[in-house]
Amino acid sequence: MHTSNADLMTPVKLTGKYGGFSSACLGGNRILKYLILATITLTCTFVYFIYDTHTSAERVDKIHAFDASPSVSQEHEHPIGKLIRYAQAEQGRLLSRQSHDLSTAVIRYQERRGRRPPPDFNAWFDYAQKHDAIIVEEFFDRIYDDLNPFWTLEPRELRRRSGPWAHEHVISVRNRKAILKTTHADPMGRMPQWHRVVEELAQWLPDVDLPVNVMDESRLLVPWKEINERVRKEAAERRVVPPSEVRTEFTGLPAIDAEPEDEPFDVRWIGEGSYWDLLRQTCPPDSPSRNIPPIDIYHDAIDMPIAYPRHSFSGYVQNWTLSKDPCQHPRLRSLHGTFIEPVSINTTQSLIPLFGGCKLRQNNDVLFPPAMYLSTEELYAGRGDRGPEWIQKKDGVVWRGVASGGRNKAETWTHFHRHRYVQMLNGTAVHESEIGSLPAEGTTFKLPAQGHYSLVAPGNGRKHLHAGGCNKGVLDVILAGMDENYLSQRGP
Ligand SMILES: *[C@@H]1O[C@H](CO)[C@@H](O)[C@H](O)[C@H]1NC(C)=O
Ligand SMILES: *[C@@H]1O[C@H](CO)[C@@H](O)[C@H](O)[C@H]1NC(C)=O
Ligand SMILES: *[C@@H]1O[C@H](CO)[C@@H](O)[C@H](O)[C@H]1NC(C)=O
Numbered sequence: 348m349h350t351s352n353a354d355l356m357t358p359v360k361l362t363g364k365y366g367g368f369s370s371a372c373l374g375g376n377r378i379l380k381y382l383i384l385a386t387i388t389l390t391c392t393f394v395y396f397i398y399d400t401h402t403s404a405e406r407v408d409k410i411h412a413f414d415a416s417p418s419v420s421q422e423h424e425h426p427i428g429k430l431i432r433y434a435q436a437e438q439g440r441l442l443s444r445q446s447h448d449l450s451t452a453v454i455r456y457q458e459r460r461g462r463r464p465p466p467d468f469n470a471w472f473d474y475a476q477k478h479d480a481i482i483v484e485e486f487f488d489r490i491y492d493d494l495n496p497f498w499t500l501e502p503r504e505l506r507r508r509s510g511p512w513a514h515e516h517v518i519s520v521r522n523r524k525a526i527l528k529t530t531h532a533d534p535m536g537r538m539p540q541w542h543r544v545v546e547e548l549a550q551w552l553p554d555v556d557l558p559v560n561v562m563d564e565s566r567l568l569v570p571w572k573e574i575n576e577r578v579r580k581e582a583a584e585r586r587v588v589p590p591s592e593v594r595t596e597f598t599g600l601p602a603i604d605a606e607p608e609d610e611p612f613d614v615r616w617i618g619e620g621s622y623w624d625l626l627r628q629t630c631p632p633d634s635p636s637r638n639i640p641p642i643d644i645y646h647d648a649i650d651m652p653i654a655y656p657r658h659s660f661s662g663y664v665q666n667w668t669l670s671k672d673p674c675q676h677p678r679l680r681s682l683h684g685t686f687i688e689p690v691s692i693n694t695t696q697s698l699i700p701l702f703g704g705c706k707l708r709q710n711n712d713v714l715f716p717p718a719m720y721l722s723t724e725e726l727y728a729g730r731g732d733r734g735p736e737w738i739q740k741k742d743g744v745v746w747r748g749v750a751s752g753g754r755n756k757a758e759t760w761t762h763f764h765r766h767r768y769v770q771m772l773n774g775t776a777v778h779e780s781e782i783g784s785l786p787a788e789g790t791t792f793k794l795p796a797q798g799h800y801s802l803v804a805p806g807n808g809r810k811h812l813h814a815g816g817c818n819k820g821v822l823d824v825i826l827a828g829m830d831e832n833y834l835s836q837r838g839p
């Protein structure tokens, strides 16, 4: 892995809990392409449809509070069992919202987005359907969350904000041809990967410039106040335009390309300092992290919860988005390389259009599929062999990687997430931690308080963690917790 921040960041969601969706992905890179097509088409749309103002049709987010009341849960059911039932119900709900034909897709789009779909939506729909994509409008929320603030910028201002720094790495489409432009080194060779995808889709795309971030680290952290104002403004101005106002064609950019450039927008790049301090400015004022200063990375110990973590369900993750949200978990400032010492920082607090392959929830970069997933190089894609079908895979884990995730040092390594992962999977280290013989300066984690997880152990009431090998220990215990006998014997 070369992305130093990727572990906490969100690559575009491709696989995961929606079975059909992930099996479509296993077929190759097709889904990536169609997500890129979706992102680009939508980006183009907001540039052209900015006239779309007036009344609101605000999207209503359904937040499904998890109902764990005894009436619905089986007696003594383990929390993981409850979470599985909940996830299955949620998956069923989502899949029941699948669009199988264009007219349904249009209705769902309009309902959720409060706008008419962009020109060539039918081409996108055909493409997605031909590639076995499961089309559920909610799946694309990420794209809209990223793009919404940009609607509040006039198209001319948006263009001004994308130059001249943006010309360093840009993929352009002109007359249905994709053009790759770089004036700076692209050491990881990411641009050609993205270019290949845009090239394949260019026949459906309008003229557009896509400035791309080739760094491992995400780049934009616009303070909460500004984003909040923009998101509100966008929601208030959004509307479904009457048919007479609908445009079905893009005008292209020749006129704009011929124009003299406006006075360039002054982007102030921040290359040093605490990333945590920049991040917490993007958190809502009443969120737990907003007023918590960074730790002293050289002297402060790791700050890990020993009680149930916030937003967990009896200690287990029920909503991954919330569980990894740094605004919700101030402790992450001491537990992740991004907040200790990223390998490089080049961040701005200005809202500028910049596409990138990974980010934290708070970054304003526009997410699109990471180049490494498009790569066929052995480094990223093995030898193209992804093993047997999901159902036949073993429930074991092998983790192999380098100790990156930021710049770790002798004094700071215990704060790094990869080091913690390896140590927590090490049965010997966990055992030493239990009996108190793991030295504090060499410990990346704290064990939860006794009794919180009521783990079963054979014999003496505690699971023997001293499993040898390095992929045992905590993971063993977690997997044992999912055993059927266990579920029926023990309640939380
Ligand atoms: C998880 O939390 C996020 C953030 O609050 C929310 O938008 C989302 O709907 C939640 N997901 C589920 C499945 O409840
Ligand atoms: C930061 O990014 C900008 C825009 O990509 C670039 O012009 C500048 O040289 C970068 N600064 C450093 C120190 O790399
Ligand atoms: C596992 O932990 C023990 C005890 O702390 C340590 O000596 C050993 O090097 C660790 N093994 C790995 C693979 O990290």
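Going by my numbering, the sequence shown opens with residue 348, and the numbers climb by one from there.
Built from N, CA and C at the ideal position, the CB exists for glycine as well.
Per-residue DSSP class, three states only, for residue i
{"i": "V340", "result": "Beyond the ends of the chain as shown, which are 348 and 839, falls residue 340; an answer cannot be given."}
{"i": "V588", "result": "coil"}
{"i": "K477", "result": "helix"}
{"i": "D470", "result": "Sequence inspection shows Ala at residue 470; the Asp mentioned does not correspond to that position. Helix."}
{"i": "T775", "result": "helix"}
{"i": "G703", "result": "strand"}
{"i": "L669", "result": "helix"}
{"i": "T685", "result": "helix"}
{"i": "S780", "result": "helix"}
{"i": "T761", "result": "helix"}
{"i": "Y663", "result": "strand"}
{"i": "V769", "result": "helix"}
{"i": "L714", "result": "strand"}
{"i": "I644", "result": "coil"}
{"i": "I692", "result": "coil"}
{"i": "I738", "result": "helix"}
{"i": "I603", "result": "helix"}
Backbone CA spacing between residue i and residue j [nearest angstrom]
{"i": "D448", "j": "K477", "result": "12 Å"}
{"i": "H411", "j": "R440", "result": "Residue confidence for H411 is low, a pLDDT of 41 falling below 50, so the modelled location carries little weight; the figure read from the coordinates is stated next. If you take the alpha carbons of H411 and R440, they lie about 11 Å apart."}
{"i": "S801", "j": "R754", "result": "37 Å"}
{"i": "E788", "j": "L527", "result": "48 Å"}
{"i": "T723", "j": "G798", "result": "47 Å"}
{"i": "L698", "j": "N711", "result": "7 Å"}
{"i": "S636", "j": "D672", "result": "10 Å"}
{"i": "R566", "j": "V614", "result": "12 Å"}
{"i": "E688", "j": "T629", "result": "19 Å"}
{"i": "H778", "j": "Y768", "result": "15 Å"}
{"i": "I639", "j": "C674", "result": "10 Å"}
{"i": "R657", "j": "E485", "result": "25 Å"}
{"i": "Q709", "j": "L626", "result": "7 Å"}
{"i": "L785", "j": "L794", "result": "12 Å"}
{"i": "H423", "j": "R432", "result": "14 Å"}
{"i": "A757", "j": "L682", "result": "16 Å"}
{"i": "L430", "j": "L442", "result": "18 Å"}
{"i": "M538", "j": "A583", "result": "37 Å"}
{"i": "I603", "j": "H531", "result": "24 Å"}
{"i": "V664", "j": "I427", "result": "9 Å"}
Beta carbon of residue i nearer than 9 Å to that of residue j
{"i": "V561", "j": "M535", "result": "yes"}
{"i": "G734", "j": "K740", "result": "yes"}
{"i": "R523", "j": "W551", "result": "yes"}
{"i": "P553", "j": "Q696", "result": "no"}
{"i": "V593", "j": "G461", "result": "no"}
{"i": "Q435", "j": "I481", "result": "no"}
{"i": "E564", "j": "V713", "result": "no"}
{"i": "A776", "j": "F763", "result": "no"}
{"i": "W498", "j": "R579", "result": "no"}
{"i": "T790", "j": "I649", "result": "yes"}
{"i": "G752", "j": "G684", "result": "yes"}
{"i": "N495", "j": "E581", "result": "yes"}
{"i": "F686", "j": "Y645", "result": "no"}
{"i": "P464", "j": "F597", "result": "no"}
{"i": "D533", "j": "H514", "result": "no"}
Beta carbon proximity, residue i to chain B, threshold 9 Å
{"i": "R521", "result": "No chain B is part of this structure, which consists of one protein chain only."}
Proximity winner among the options, relative to residue i (alpha-carbon distances)
{"i": "M771", "options": "I782, F792, I427, G783", "result": "F792"}
{"i": "D609", "options": "V745, A452, P502", "result": "P502"}
{"i": "G620", "options": "E781, T694, I603, K429", "result": "T694"}
{"i": "F487", "options": "P716, P589, Q665, H516", "result": "P716"}
{"i": "P611", "options": "D604, V664, V544, W512", "result": "W512"}
{"i": "V545", "options": "A718, T530, P589", "result": "A718"}
{"i": "R455", "options": "V745, N469, V483", "result": "V483"}
To test your reading of the DSSP string, which unbroken alpha helix (DSSP H) runs of 4 or more residues are found completely within the region 543-601?
571-584
In chain order, which continuous runs of the alpha helix (DSSP H) of length 4 or greater are located wholly inside the region 427-466?
449-460
Which parts of the region 480-538 are runs of the alpha helix (DSSP H), unbroken and 4 residues or longer, counting only runs that do not cross its ends?
488-494, 502-507
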